[in-house]
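Single-structure report; data block below.
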Amino acid sequence: NRCHLTGLKVSCDVQVCGACTALVDGLPVSACTYLAYEARGRRVTTIEGIGDSERLHPIQKAFLDEFAFQCGFCTPGMILSAKALLEENPEPTDAEVVSYMDGNLCRCTGYRPILKAIRRAAGLMRQQPRSASAVARSLKERERP
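Residue 147 in my numbering sits at position 129 of the sequence shown, and the numbers go up by one each step.
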(Lines of atoms letter the chains of each structure in order from A and count residues from 1; the text may use other names and numbers.)
(Lines give C-alpha, C1' and ligand atoms only; values in the text may rest on other atoms or scores of the structure.)
Protein backbone atom coordinates (compact mmCIF):
# COMPACT_ATOMS: atom_id res chain seq x y z
CA ASN A 1 0.00 0.00 0.00
CA ARG A 2 2.86 2.40 0.77
CA CYS A 3 4.12 1.91 -2.79
CA HIS A 4 0.59 2.35 -4.22
CA LEU A 5 0.71 -1.17 -5.63
CA THR A 6 -2.68 -2.44 -4.52
CA GLY A 7 -3.25 -5.30 -6.95
CA LEU A 8 -2.36 -8.01 -4.44
CA LYS A 9 -5.28 -8.50 -2.08
CA VAL A 10 -5.32 -9.95 1.41
CA SER A 11 -8.23 -12.31 1.92
CA CYS A 12 -7.88 -15.85 3.22
CA ASP A 13 -4.22 -15.93 4.37
CA VAL A 14 -4.24 -19.72 3.83
CA GLN A 15 -3.67 -20.09 0.07
CA VAL A 16 -7.21 -20.98 -1.01
CA CYS A 17 -8.80 -17.90 -2.63
CA GLY A 18 -6.28 -16.64 -5.21
CA ALA A 19 -6.82 -12.95 -4.40
CA CYS A 20 -3.12 -12.57 -3.57
CA THR A 21 -1.83 -14.29 -6.72
CA ALA A 22 1.50 -13.05 -8.05
CA LEU A 23 3.75 -14.59 -10.68
CA VAL A 24 7.20 -15.75 -9.63
CA ASP A 25 9.34 -16.63 -12.62
CA GLY A 26 6.10 -16.81 -14.61
CA LEU A 27 4.30 -19.23 -12.29
CA PRO A 28 1.36 -18.29 -10.06
CA VAL A 29 1.98 -18.29 -6.32
CA SER A 30 -0.11 -17.27 -3.33
CA ALA A 31 1.68 -14.25 -1.92
CA CYS A 32 -0.03 -14.72 1.44
CA THR A 33 2.14 -17.76 2.14
CA TYR A 34 5.19 -16.90 0.02
CA LEU A 35 8.00 -15.50 2.12
CA ALA A 36 9.83 -12.42 0.87
CA TYR A 37 13.24 -14.09 1.06
CA GLU A 38 11.97 -16.79 -1.32
CA ALA A 39 11.61 -14.11 -4.00
CA ARG A 40 15.24 -13.01 -3.78
CA GLY A 41 16.82 -13.23 -7.23
CA ARG A 42 13.56 -14.21 -8.89
CA ARG A 43 11.28 -12.32 -11.30
CA VAL A 44 8.12 -11.27 -9.43
CA THR A 45 5.18 -9.88 -11.41
CA THR A 46 2.04 -8.35 -9.97
CA ILE A 47 -0.94 -7.04 -11.91
CA GLU A 48 0.75 -3.63 -12.06
CA GLY A 49 3.53 -5.18 -14.15
CA ILE A 50 1.53 -6.49 -17.10
CA GLY A 51 -0.24 -3.45 -18.52
CA ASP A 52 -1.31 0.08 -17.78
CA SER A 53 -4.23 2.38 -18.52
CA GLU A 54 -2.66 3.42 -21.83
CA ARG A 55 -1.93 -0.09 -23.09
CA LEU A 56 -3.84 -2.98 -21.57
CA HIS A 57 -2.54 -6.52 -21.68
CA PRO A 58 -4.79 -8.68 -23.94
CA ILE A 59 -6.10 -10.53 -20.88
CA GLN A 60 -7.07 -7.26 -19.22
CA LYS A 61 -8.80 -6.16 -22.42
CA ALA A 62 -10.65 -9.47 -22.67
CA PHE A 63 -11.85 -9.21 -19.06
CA LEU A 64 -13.24 -5.76 -19.84
CA ASP A 65 -14.81 -6.85 -23.13
CA GLU A 66 -16.52 -9.86 -21.52
CA PHE A 67 -17.56 -8.05 -18.30
CA ALA A 68 -15.65 -10.72 -16.38
CA PHE A 69 -15.69 -8.86 -13.08
CA GLN A 70 -18.05 -7.01 -10.79
CA CYS A 71 -16.39 -5.84 -7.59
CA GLY A 72 -12.89 -6.45 -9.00
CA PHE A 73 -11.42 -7.90 -5.81
CA CYS A 74 -10.49 -11.23 -7.42
CA THR A 75 -9.68 -9.81 -10.86
CA PRO A 76 -5.91 -9.23 -10.46
CA GLY A 77 -5.39 -12.81 -9.30
CA MET A 78 -7.62 -14.17 -12.05
CA ILE A 79 -5.74 -12.22 -14.71
CA LEU A 80 -2.31 -13.31 -13.46
CA SER A 81 -3.35 -16.96 -13.25
CA ALA A 82 -4.81 -16.71 -16.76
CA LYS A 83 -1.55 -15.15 -17.98
CA ALA A 84 0.48 -18.05 -16.59
CA LEU A 85 -1.93 -20.55 -18.13
CA LEU A 86 -1.95 -18.96 -21.59
CA GLU A 87 1.83 -18.60 -21.68
CA GLU A 88 2.14 -22.29 -20.83
CA ASN A 89 -0.75 -23.43 -23.03
CA PRO A 90 -1.86 -20.93 -25.71
CA GLU A 91 -4.90 -23.00 -26.72
CA PRO A 92 -6.37 -24.55 -23.56
CA THR A 93 -9.65 -26.43 -23.58
CA ASP A 94 -12.44 -25.19 -21.34
CA ALA A 95 -11.73 -28.09 -18.98
CA GLU A 96 -8.05 -27.11 -18.79
CA VAL A 97 -8.98 -23.50 -18.02
CA VAL A 98 -11.38 -24.57 -15.27
CA SER A 99 -8.76 -26.89 -13.76
CA TYR A 100 -5.97 -24.28 -13.89
CA MET A 101 -8.15 -21.53 -12.42
CA ASP A 102 -9.38 -23.75 -9.59
CA GLY A 103 -7.41 -21.82 -6.97
CA ASN A 104 -9.00 -18.47 -7.84
CA LEU A 105 -12.39 -17.79 -6.30
CA CYS A 106 -14.94 -15.22 -7.46
CA ARG A 107 -17.81 -14.54 -5.14
CA CYS A 108 -19.89 -12.23 -7.32
CA THR A 109 -19.39 -12.59 -11.09
CA GLY A 110 -19.71 -16.31 -11.55
CA TYR A 111 -17.31 -18.11 -13.80
CA ARG A 112 -18.90 -18.05 -17.26
CA PRO A 113 -17.76 -14.50 -18.12
CA ILE A 114 -14.30 -15.31 -16.77
CA LEU A 115 -14.09 -18.42 -18.96
CA LYS A 116 -15.25 -16.39 -21.98
CA ALA A 117 -12.65 -13.72 -21.20
CA ILE A 118 -9.84 -16.27 -21.02
CA ARG A 119 -10.98 -17.79 -24.32
CA ARG A 120 -11.01 -14.32 -25.90
CA ALA A 121 -7.61 -13.50 -24.41
CA ALA A 122 -6.16 -16.73 -25.83
CA GLY A 123 -7.26 -15.62 -29.29
CA LEU A 124 -5.86 -12.11 -28.82
CA MET A 125 -2.55 -13.45 -27.53
CA ARG A 126 -2.19 -15.89 -30.42
CA GLN A 127 -2.38 -12.88 -32.77
CA GLN A 128 0.63 -11.26 -31.06
CA PRO A 129 4.26 -12.21 -31.60
CA ARG A 130 5.45 -14.69 -28.96
CA SER A 131 7.87 -13.47 -26.33
CA ALA A 132 11.46 -14.68 -26.37
CA SER A 133 10.88 -16.68 -23.18
CA ALA A 134 7.89 -18.45 -24.71
CA VAL A 135 9.91 -19.32 -27.81
CA ALA A 136 12.79 -20.62 -25.67
CA ARG A 137 10.36 -22.70 -23.60
CA SER A 138 8.85 -24.13 -26.80
CA LEU A 139 12.32 -25.06 -28.10
CA LYS A 140 13.17 -26.80 -24.82
CA GLU A 141 9.97 -28.83 -25.08
CA ARG A 142 10.96 -29.98 -28.57
CA GLU A 143 14.35 -31.13 -27.29
CA ARG A 144 12.76 -33.54 -24.81
CA PRO A 145 12.84 -37.19 -25.92
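Ideal placement from N, C-alpha and C gives every residue a C-beta, glycine not left out.
Computed from a predicted structure; not experimentally measured.
Item: Beta-carbon proximity list for Ile97, same chain, < 8 Å, skipping 5 on both sides; Value: Ile65, Ile68, His75, Ile77, Gln78 and Phe81
Item: Boundaries (first-last residue) of the alpha helix (DSSP H) holding Ala102; Value: Thr93 to Glu106
Item: Among Ser48, Val32 and Val34, nearest to Gly25 - alpha-carbon criterion; Value: Ser48
Item: Expected contact under 8 Å - CB spacing of Gly95 and Asn122 to nearest Å; Value: 5 Å
Item: Burial state of Glu114 (16 or more Cβ within 10 Å); Value: exposed
Item: Distance between Ser29 and Cys126 (C-alpha atoms, nearest Å); Value: 15 Å
Item: Span separating the alpha-carbon of Cys124 from that of Val116; Value: 13 Å
Item: Beta-carbon proximity list for Ser71, same chain, < 6 Å, skipping 5 on both sides; Value: none
Item: Cβ neighbour criterion (16 or more within 10 Å) applied to Pro147; Value: exposed
Item: Under the three-state DSSP convention, the category Val42 falls into; Value: strand
Item: Contact under 8 Å by Cβ, Cys92 with Gly36; Value: yes
Item: Straight-line gap, Arg138 to Ser99 (C-alpha atoms, nearest Å); Value: 15 Å
Item: Residue of Leu41, Glu84, Gln88 and Thr63 minimising C-alpha distance to Leu133; Value: Glu84
Item: Residues that Ala48 bridges to, as DSSP identifies them; Value: Note that residue 48 is Ser in the sequence shown here, rather than Ala. Ser48 is bridged to Thr39.
Item: Residue interval of the alpha helix (DSSP H) (run including Ile136); Value: Arg130 to Arg144
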